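The working numbering numbers the first residue of the sequence shown as 204 and each following residue consecutively.
All C-beta atoms, glycine included, are put in the ideal place defined by N, C-alpha and C.
A quick note: this is a predicted structure, and the numbers were derived from the prediction, not measured.
Structure record follows, encoded as C-alpha cells.
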Amino acid sequence: IISVAIVIAALAGPQWLFTEEKLPNANYNGTANFKALDDGAYITKYTKSSLWILCTTLPDTVTKSCPIFLAAGVFLVISFIVFLIPTCSHQNNLYYFSAGILFIVSGLVMLIGLIAYISILKAEIGSKLRPRSTLQPALIKVSYGQSFFLFVFGFIVTEFVGVLNIFLFINLQEVSYYSVSN
204 IISVAIVIAA LAGPQWLFTE EKLPNANYNG TANFKALDDG AYITKYTKSS LWILCTTLPD
264 TVTKSCPIFL AAGVFLVISF IVFLIPTCSH QNNLYYFSAG ILFIVSGLVM LIGLIAYISI
324 LKAEIGSKLR PRSTLQPALI KVSYGQSFFL FVFGFIVTEF VGVLNIFLFI NLQEVSYYSV
384 SN
C-alpha cells in the first residue's frame with residue numbers, strides 16, 4: 204500500500220523541477236546597479252513544473268516522458284490488485300509470486316521513466332547549463348523538486364516490495380512442503 208501511495212503522490216505532485224533562467228535584459232546599458240536584485244545584464248526567471256504543468260522553457264521533457272510514468276503507475280496498480288487477491292482470499296500463493304514480478308517490472312518501468320525524464324531534460328538544455336565564459340553565469344540552473352525525489356523513493360520501495368513478495372512466496376512454499384511431508 205505504501206509504495207502505491209508514494210508513487211501516486213509523486214505523480215500528482217506539483218514540484219518535479221525547479222528552473223532558474225537568466226534572460227538577457229534589453230534595458231541593460233552597461234552600467235552596474237548595486238541595489239538591484241539581478242546583476243543588470245540578465246533578468247532571472249524562476250519556474251516550477253510538474254508532470255501535468257508544462258514548463259514553457261522545457262515543453263518536451265514532460266510530454267515525452269509522461270506516458271512512461273503513466274505506464275509505471277498502471278503496472279503498479281495492477282501488481283497491487285494481484286497482491287490483494289491471495290491476501291484477502293487466502294487461496295493460491297502463486298499470486299504473491301506474480302505480484303512480486305509485477306512490482307519489480309513496474310519499478311523497472313519507473314526507472315526507465317526517470318532516465319528518460321533526465322536525459323530529455325539534459326538534451327534540451329545541456330548547452331545552457333554551462334557558462335559561455337568565466338565572466339557570464341550559466342543561463343539555466345536546474346534542481347529537482349520534492350515530487351521527483353518522492354518518485355525515486357517510491358521506486359526503491361516498489362523494488363523492495365517486489366523482492367519481499369517473492370520471498371513471501373518462497374517461504375509459503377517451504378511451509379506447505381514441510382507440512383505435507385510431515
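Return the residue from the list the options that minimises the CA-CA distance to residue i.
i           : options               : result
residue 224 : 328, 307 and 381      : 328
residue 362 : 278, 205, 380 and 311 : 311
residue 354 : 295, 272 and 249      : 272
residue 360 : 268, 303 and 250      : 303
residue 348 : 251, 380 and 299      : 251
Can you give me the C-alpha to C-alpha distance between residue i and residue j, rounded to a whole angstrom?
i           : j           : result
residue 214 : residue 382 : 44 Å
residue 283 : residue 228 : 52 Å
residue 292 : residue 208 : 23 Å
residue 245 : residue 222 : 15 Å
residue 319 : residue 378 : 42 Å
residue 356 : residue 230 : 45 Å
residue 326 : residue 253 : 18 Å
Could you check where the alpha helix (DSSP H) with residue i kicks off and where it finishes?
i           : result
residue 322 : 297-328
residue 214 : 205-215
Can you tell me whether DSSP reads residue i as helix, strand or coil?
i           : result
residue 343 : strand
residue 246 : strand
residue 337 : coil
Sorted by chain position, which residues of the same chain lie with C-beta nearer than 8 Å to residue i's C-beta, five sequence neighbours on each side aside?
i           : result
residue 278 : 305, 308, 309 and 312
Keeping to the same chain, check which residues put their C-beta closer than 6 Å to that of residue i; ignore five residues upstream and five downstream.
i           : result
residue 350 : 213, 216, 218 and 219
At which residues does the beta strand (DSSP E) containing residue i begin and terminate?
i           : result
residue 254 : Unbroken run through residue 254: none, as it is neither H nor E.
With a threshold of 7 Å on Cβ separation, who are the neighbours of residue i within its own chain once the five nearest residues in sequence on each side are excluded?
i           : result
residue 268 : 316, 319, 320 and 323
residue 301 : 285
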